[in-house]
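Heads up, the thing below is written out as structure tokens.
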Amino acid sequence: MGRHKKEEEPILPHSPPPIYDDLSVEEETREVEMPEEDGARPPTLTEQIQAGSDLSETKVAMKHLFPENLGNPITNKIMVGRIAPEQYIPMQMVIVTDKFMSADPKGNFSVADAVIEANILLGIGLDGKGRVDEIELVGAQNARDEMEASQERY
Amino acid sequence: MPRPPITMIEGDMGCGKTVTMTAIIADAYLSSNKQLKVFANFHLYGIKYVLADVAKIMEYLNTGLVENAIVAIDEGYLDTESRRSMSLMNILFTWFLQQARKRHIDLYVLTQDQRFIDWRFRKIMRVKIFCERYDELTKMVHLTITDNDRKTERKLSYYAPQYWKYYDTNEIPHIPEPIIERALAKVRGKITVKEKVGVS
Numbered sequence: 001m002g003r004h005k006k007e008e009e010p011i012l013p014h015s016p017p018p019i020y021d022d023l024s025v026e027e028e029t030r031e032v033e034m035p036e037e038d039g040a041r042p043p044t045l046t047e048q049i050q051a052g053s054d055l056s057e058t059k060v061a062m063k064h065l066f067p068e069n070l071g072n073p074i075t076n077k078i079m080v081g082r083i084a085p086e087q088y089i090p091m092q093m094v095i096v097t098d099k100f101m102s103a104d105p106k107g108n109f110s111v112a113d114a115v116i117e118a119n120i121l122l123g124i125g126l127d128g129k130g131r132v133d134e135i136e137l138v139g140a141q142n143a144r145d146e147m148e149a150s151q152e153r154y
Numbered sequence: 155m156p157r158p159p160i161t162m163i164e165g166d167m168g169c170g171k172t173v174t175m176t177a178i179i180a181d182a183y184l185s186s187n188k189q190l191k192v193f194a195n196f197h198l199y200g201i202k203y204v205l206a207d208v209a210k211i212m213e214y215l216n217t218g219l220v221e222n223a224i225v226a227i228d229e230g231y232l233d234t235e236s237r238r239s240m241s242l243m244n245i246l247f248t249w250f251l252q253q254a255r256k257r258h259i260d261l262y263v264l265t266q267d268q269r270f271i272d273w274r275f276r277k278i279m280r281v282k283i284f285c286e287r288y289d290e291l292t293k294m295v296h297l298t299i300t301d302n303d304r305k306t307e308r309k310l311s312y313y314a315p316q317y318w319k320y321y322d323t324n325e326i327p328h329i330p331e332p333i334i335e336r337a338l339a340k341v342r343g344k345i346t347v348k349e350k351v352g353v354s
């Protein structure tokens, strides 16, 4: 009793609720030195996002079609290479034999697994014509996008 | 295309992070006929906005003010530092993030590295905009946009000078005083203890 209690400011001092128009400010746009322009209005970021190329969809599709790691360095090389139809069966035999020969002699070996894996790898090379096509496609798309973006400016 | 509710903008120094965030705000604001509510913790020019850091936004949480708005947090590590993930402010902020959709908020947090900010934010974010580089010659900012929902990644670039007038690239983000005071108090406290026991 008799102690002077200091009046503290409430931590949430919002009664009545704050109004956006009271709190907000709008300052003049800054005076900035702009590079020389050719008159054409450059596309905004939002316009660029909305007009984005199909590159992303292409890349996502490629990612699913061409798994990155199948556990053996040779597998990626097989996927990159183009497999001629007449090479398909001999290549399959070579791959399965290689897998068998390099397997642990004391461990188990599944012939079915080896054949299926060889089929997957060779199928990519046969049907998809390899990653070379992918690289060409993505590279061409990238180059086109870069060119269009710079042409829009100059 | 609707704007995603939670987006992280990441990139090294000078790669165009702040201009990208400003570009998103400016485009959204102008396309709404200047009706969009904007909250940002850095100064904007030519855009009606409320200057508010995370603490201020938390203060407004239950007032209905921070709804149907765009919220932009520059240098996100200042308010949502990953090393302080157990702090009340971080917890409160992640609760706020989880309500972003219901509050109709589009939230943008900018950081140099996503590991600098609270992992919950990284978990919740739907889109990451990675600023690859700013080309001094062409004045283009090059971005990679990763959409976690659509599992897509796209690369694009835009002309940066059109947004220079809306922000100041040399503005130094404000470091909260309470943290400076606490850090200094700890250092001074140690010195005092040493002096007491006569250590030079």
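Protein sequences appear in the order of chains V and C. For the first sequence, position 14 (counting from the first letter as 1) is numbered 14 according to this note's numbering, and the numbering increases by one without interruption. Going from the second sequence to this note's numbering is simple: count from 1 and add 154. For each residue, glycine too, the CB sits at the ideal point set by N, CA and C. Bear in mind the structure is a predicted one, so any value in this text is a computation, not a measurement.
Taking C-beta pairs closer than 9 angstroms, name the residues in chain C that residue i reaches, listed in chain order.
i                     : result
residue 34 of chain V : 315, 316, 318, 319
residue 30 of chain V : 199, 200, 318, 319, 320, 321, 322
For residue i and residue j, I'd like the C-alpha separation in whole angstroms.
i                      : j                      : result
residue 232 of chain C : residue 336 of chain C : 15 angstroms
residue 77 of chain V  : residue 188 of chain C : 55 angstroms
residue 86 of chain V  : residue 111 of chain V : 22 angstroms
residue 103 of chain V : residue 114 of chain V : 11 angstroms
residue 17 of chain V  : residue 250 of chain C : 19 angstroms
residue 99 of chain V  : residue 282 of chain C : 41 angstroms
residue 228 of chain C : residue 42 of chain V  : 25 angstroms
residue 259 of chain C : residue 74 of chain V  : 49 angstroms
residue 209 of chain C : residue 341 of chain C : 25 angstroms
State the DSSP-derived secondary structure class of residue i, mapped to helix, strand or coil.
i                      : result
residue 104 of chain V : coil
residue 260 of chain C : strand
residue 242 of chain C : helix
residue 121 of chain V : helix
residue 329 of chain C : coil
residue 161 of chain C : strand
residue 223 of chain C : strand
residue 183 of chain C : helix
residue 205 of chain C : strand
residue 32 of chain V  : coil
residue 109 of chain V : coil
Which residues of chain V have a Cβ atom closer than 7 angstroms to the Cβ of residue i, listed in chain order?
i                      : result
residue 230 of chain C : Simply none; closest approach about 20 angstroms.
residue 178 of chain C : 45
residue 264 of chain C : Simply none; closest approach about 15 angstroms.
residue 267 of chain C : Those do not exist, as residue 267 of chain C stays about 22 angstroms from chain V at its closest Cβ, beyond 7 angstroms.
residue 293 of chain C : 35
Quick one: list the residues of chain C neighbouring residue i, beta-carbon separation under 8 angstroms, in chain order.
i                      : result
residue 102 of chain V : Those do not exist, as residue 102 of chain V stays about 35 angstroms from chain C at its closest Cβ, beyond 8 angstroms.
List the residues of chain V that residue i touches, going by C-beta distances under 8 angstroms, in chain order.
i                      : result
residue 203 of chain C : 24, 25, 26
residue 174 of chain C : 45
residue 218 of chain C : 17
Which residues of chain V have a Cβ atom closer than 9 angstroms to the Cβ of residue i, listed in chain order?
i                      : result
residue 288 of chain C : Result: empty, since nearest Cβ-Cβ is about 13 angstroms, beyond 9 angstroms.
Whole beta strand (DSSP E) elements within the region 287 to 322 of chain C, 3-residue minimum: Counting only runs of 3 or more, we get 294 to 301, 306 to 313.
Counting pairs of Cβ atoms below 8 angstroms between the region 264 to 278 of chain C and the region 302 to 312 of chain C, do you hit three or more? Not touching, per the Cβ criterion.
The region 216 to 224 of chain C touching the region 164 to 177 of chain C, judged by at least three CB pairs closer than 8 angstroms: Too few Cβ pairs lie closer than 8 angstroms, so no.
Validate contact between the region 237 to 244 of chain C and the region 188 to 199 of chain C using beta carbons, cut 8 angstroms, 3 pairs: Contact fails: fewer than three Cβ-Cβ distances are below 8 angstroms.
For the region 40 to 50 of chain V against the region 318 to 338 of chain C, do three or more pairs of beta-carbon atoms, one drawn from each stretch, fall closer than 8 angstroms, so that the two count as touching? No contact exists between the region 40 to 50 of chain V and the region 318 to 338 of chain C.
Closer than 8 angstroms is the cut-off here; do at least three beta carbon pairs connect the region 25 to 42 of chain V with the region 305 to 315 of chain C? The answer is yes - the region 305 to 315 of chain C touches the region 25 to 42 of chain V, with three or more Cβ pairs under 8 angstroms.
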